[in-house]
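Below is one structure, written out as structure tokens; comments come after it.
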Amino acid sequence: MKKSVKVNDETDANYGPSKPFTESDRVLLVADAQNGKVWHTGGEDRPILMAYDATDSGDGKVHLYIVKYENLAQM
Amino acid sequence: MLPLSNSSAYESKPSFDAVTWYGSIANSEITLYYEFKTSSNAVKLGKGTHGPDGTWKASETIVDVLYKSDKFSEKFNPMHKFIYQDEAFYLTGGERMLNDVQLDFSVLLLDADMTPLATIPMDLPQEMNMEDILGNHTVPTLKRMSETVAVSFQHRNETETGALEYSQFMYFVDLQQFLPKQRVVPAPKAPPKPENNSFVSQLLQRIVQVVQWVFRRR
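Going line by line, the protein sequences match chains Y and D.
Here my numbering is used: the first residue of the first sequence is 839, the next is one more, and so on.
Here my numbering is used: the first residue of the second sequence is 37, the next is one more, and so on.
Quick look at the structure:
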């Protein structure tokens with residue numbers, strides 16, 4: 839599961855209705871995971887929760903997981 | 037990792053329903069909806085709550101029955117909860133067969149009990165030559181920012197070669213045109229002009245009355 843980021847495009851020539859965003863950054867959050875959903879406990883400097891599912895190597899079944907990031911920068 | 041409940045074959049597609057945050061996951065109350073498969077291979081929507089004491093309590097909902105009665109597949113995509121006029125609603129992606137042949141994905145509006153209320157049509161930009169595609173929309177989210185609502189959804193397209201393409205759309209809806217309009221109160225009627233009761237006008241009025249009296253007597 840990866841996080842793609844594209845921000846602050848005000849001076850970018852790509853900005854516009856017929857010009858798609860370009861990917862500027864992609865970060866691996868959790869390997870072999872999917873269906874991520876986040877919950878913000880506050881602003882960008884507050885913890886962010888992420889729920890996702892992934893296969894547990896122990897029993898080979900797909901489980902639910904919850905992880906916490908201290909803030910948006912850490913995520 | 038959360039433990040599987042009720043001998044589930046799997047638990048997946050989690051959605052946050054509510055969080056009461058006390059600084060750490062261990063002592064916070066976190067409620068999730070998720071899809072799971074029972075030991076008898078039925079696919080259900082589960083609801084689980086991680087309590088402040090660290091316990092995980094999960095239960096099975098009857099949403100699959102509600103879906104089935106409206107001819108939607110028992111597949112539970114992530115739910116997006118929002119509040120409108122103090123009532124909870126959910127947006128989610130639903131699947132159903134059209135004409136018993138074509139699988140269609142649509143954006144579903146559910147009430148607080150997750151009963152399907154409506155499938156929501158999403159207009160695609162005409163310049164993408166997709167205007168003939170009515171369905172195949174899913175993964176909706178909604179966010180209100182002041183008087184604007186941002187609605188995001190995904191479009192799933194299968195090419196002639198069978199490859200799947202996904203496009204993400206975001207619409208901004210200005211609520212001003214949907215919110216109740218400010219009432220236009222008609223301006224109060226102007227008061228009648230005061231009669232001119234000056235001495236001159238009274239004298240003229242008296243003269244006119246005298247003349248009329250004289251002519252009537254003739």
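Every residue, glycine too, gets a C-beta built ideally from N, C-alpha and C.
Quick caveat: nothing in here was measured; it's all calculated off a predicted structure.
| Just checking, does the segment 78-85 of chain D make contact with the segment 96-105 of chain D on the three C-beta pairs under 8 Å criterion? | Yes, they touch.
| Within 8 Å, strictly: CB atoms of histidine 191/D and phenylalanine 208/D | Your numbering for residue 191/D matches position 155 in the second sequence. Your numbering for residue 208/D matches position 172 in the second sequence. No, the Cβ-Cβ distance between histidine 191/D and phenylalanine 208/D is not below 8 Å.
| Is any beta-carbon of chain Y found at less than 8 Å from that of serine 142/D? | In the second sequence, the residue the question calls residue 142/D occupies position 106. Not an interface residue.
| query | Based on Cα-Cα distance, which residue from Leu102/D, Thr174/D, Asp140/D, Ala199/D lies nearest to proline 152/D? | reply | Looking up residue 152/D in the second sequence gives position 116. For proline 152/D, the nearest C-alpha among the options comes from Leu102/D.
| query | By Cβ distance below 6 Å, which residues in the same chain neighbour threonine 85/D in space, the five residues on each side in sequence not counted? | reply | As a working note, residue 85/D is residue 49 in the second sequence. Sequence-distant Cβ neighbours of threonine 85/D in its own chain, meaning closer than 6 Å and more than five residues away, are Thr67, Lys93.
| query | With threonine 893/Y and proline 885/Y assumed to form a contact (beta carbons below 8 Å), what rounded beta-carbon distance in angstroms separates them? | reply | Working through the first sequence from its first residue, we reach residue 893/Y at position 55. Working through the first sequence from its first residue, we reach residue 885/Y at position 47. Your pair threonine 893/Y and proline 885/Y does not check out as a contact, with CB atoms roughly 26 Å apart and the cut at 8 Å.
| If you count every other CB in all the chains shown that lies within 10 Å of the CB of lysine 49/D, and 16 or more means buried, which is it? | Sequence index remark: in the second sequence, residue 49/D carries index 13 (1-based). Residue environment for lysine 49/D: buried (at least 16 other C-beta atoms within 10 angstroms of its C-beta).
| Relative to the C-alpha of valine 900/Y, which residue among Met37/D, Asp53/D, Ser142/D, Phe118/D is closest? | Locating residue 900/Y in the first sequence gives position 62, counting from the first residue. The option with the nearest alpha carbon to valine 900/Y is Met37/D.
| task | Determine the DSSP secondary structure at aspartate 168/D, reduced to helix, strand or coil. | result | Position 132 of the second sequence, counted from the start, is the residue given in the question as residue 168/D. Reliability fails at aspartate 168/D, whose pLDDT of 48 lies under 50, so the model's placement of it is uncertain and no value is given.
| Name the chain D residues that come within less than 9 Å of tyrosine 907/Y, Cβ to Cβ? | Within the first sequence, the letter at position 69 stands for residue 907/Y. Against chain D, a Cβ distance below 9 Å from tyrosine 907/Y picks out nothing, because the smallest value is about 11 Å.
| request: Would you mind telling me which residues of chain Y sit closer than 7 Å to methionine 37/D, beta carbon to beta carbon, in chain order? | output: The count along the second sequence starts at 1 and reaches residue 37/D at position 1. Asp894, His901, Tyr903, listed in chain order.
| task | For chain D, find out if any of its Cβ atoms is closer than 8 Å to the Cβ of aspartate 870/Y; answer yes or no. | result | Here residue 870/Y refers to the residue found at position 32 when the first sequence is read from its first residue. It does not: the Cβ of aspartate 870/Y has no partner Cβ on chain D nearer than 8 Å.
| message | In the DSSP assignment, the alpha helix (DSSP H) including leucine 200/D goes from what residue to what residue? | response | Looking up residue 200/D in the second sequence gives position 164. Unbroken run through leucine 200/D is the beta strand (DSSP E), 200-210; no alpha helix (DSSP H).
| Relative to the alpha-carbon of arginine 864/Y, which residue among Asp883/Y, Met839/Y, Glu882/Y has its alpha-carbon at the smallest distance? | For the purposes of this step, residue 864/Y is taken as residue 26 along the first sequence, with counting starting at 1. Of the candidates Asp883/Y, Met839/Y, Glu882/Y, the one whose C-alpha sits nearest the C-alpha of arginine 864/Y is Met839/Y.
| task | Answer yes or no: does any C-beta atom of chain D fall closer than 8 Å to that of aspartate 891/Y? | result | Along the first sequence, read from residue 1 onward, the residue named residue 891/Y stands at position 53. Among the CB atoms of chain D, one or more fall inside 8 Å of the CB of aspartate 891/Y.
| query | Checking contacts by CB at 8 Å: is glutamate 167/D closer than that to chain Y? | reply | Position 131 of the second sequence, counted from the start, is the residue given in the question as residue 167/D. In this prediction, glutamate 167/D has a pLDDT of 49, which is less than 50 and means its spatial position is unreliable; what the coordinates show is noted afterwards. Not an interface residue.
| said: My parser needs the alpha helix (DSSP H) runs of 4 or more residues fully inside the segment 83-153 of chain D; what are they? | reply: Every unbroken stretch of the alpha helix (DSSP H) spanning 4 or more residues and falling wholly within the segment 83-153 of chain D is given here in chain order: 99-105.
| field | Buried or exposed by the 16-neighbour rule on C-beta atoms within 10 Å, applied to methionine 888/Y | value | On the first sequence, position 50 is the one that residue 888/Y refers to. The residue is buried, with at least 16 neighbouring Cβ atoms inside 10 Å.
| request: Under the assumption that phenylalanine 72/D contacts glutamate 47/D (Cβ atoms under 8 Å), give the Cβ distance between them as a whole number of angstroms. | output: The residue labelled residue 72/D in the question sits at position 36 within the second sequence. The residue labelled residue 47/D in the question sits at position 11 within the second sequence. Confirmed, about 4 Å.
| Any idea if asparagine 42/D is buried or exposed, counting beta-carbon neighbours within 10 angstroms, 16 or more meaning buried? | Locating residue 42/D in the second sequence gives position 6, counting from the first residue. Asparagine 42/D counts as exposed, since fewer than 16 other C-beta atoms from the protein chains shown sit within 10 angstroms of its C-beta.
| C-beta neighbour in chain Y for valine 185/D, strict 8 Å | Within the second sequence, residue 185/D is the residue found at index 149, counting from 1. Chain Y has no Cβ within less than 8 Å of the Cβ of valine 185/D.
| task | Below 6 Å CB to CB, which residues in the same chain sit around tryptophan 877/Y once its five sequence neighbours on both sides are set aside? | result | As a working note, residue 877/Y is residue 39 in the first sequence. So the list reads Leu887, once near-sequence residues are dropped.
| said: According to DSSP, simplified to helix, strand and coil, what is tryptophan 877/Y? | reply: Counting from 1 along the first sequence, the entry for residue 877/Y is found at position 39. Tryptophan 877/Y falls in the strand class under three-state DSSP.
| request: Check the C-beta distance from tyrosine 890/Y over to alanine 871/Y and give it rounded, since I have them as a contact under 8 Å. | output: Stepping through the first sequence from its first residue, residue 890/Y is reached at position 52. Stepping through the first sequence from its first residue, residue 871/Y is reached at position 33. Between alanine 871/Y and tyrosine 890/Y the Cβ distance is about 5 Å, and since that is below 8 Å, they are a contact.
| query | Within 8 Å (strictly less), CB to CB, does leucine 40/D reach chain Y? | reply | Locating residue 40/D in the second sequence gives position 4, where the first residue counts as 1. At least one CB atom of chain Y sits nearer than 8 Å to the CB of leucine 40/D.
| query | First and last residue of the beta strand (DSSP E) that includes alanine 892/Y? | reply | One-based indexing of the first sequence puts residue 892/Y at position 54. Start and end: 886-893.
| Would you call the CB atoms of tyrosine 69/D and methionine 133/D closer than 8 Å? | Position 33 of the second sequence holds residue 69/D. Position 97 of the second sequence holds residue 133/D. No.
| Helix, strand or coil at glutamine 245/D [DSSP, three-state] | Your numbering for residue 245/D matches position 209 in the second sequence. Of the three classes helix, strand and coil, the one that applies to glutamine 245/D here is helix, per DSSP.
| field | Reference serine 142/D, options Ile119/D, Ala148/D, Pro176/D, Ala186/D, closest by Cα | value | Here residue 142/D is taken as the residue at index 106 of the second sequence, counted from 1. The candidate whose alpha carbon is nearest that of serine 142/D is Pro176/D.
| Between Asp89/D, Gly129/D, Tyr202/D, which lies nearest to leucine 146/D when the distance is taken from Cα to Cα? | Position 110 of the second sequence holds residue 146/D. Nearest to leucine 146/D by alpha-carbon distance, out of Asp89/D, Gly129/D, Tyr202/D, is Gly129/D.
| query | Where does proline 176/D fall in DSSP's three states? | reply | Counted from its first residue, the second sequence places residue 176/D at position 140. The answer is strand: DSSP assigns proline 176/D an E or B state.
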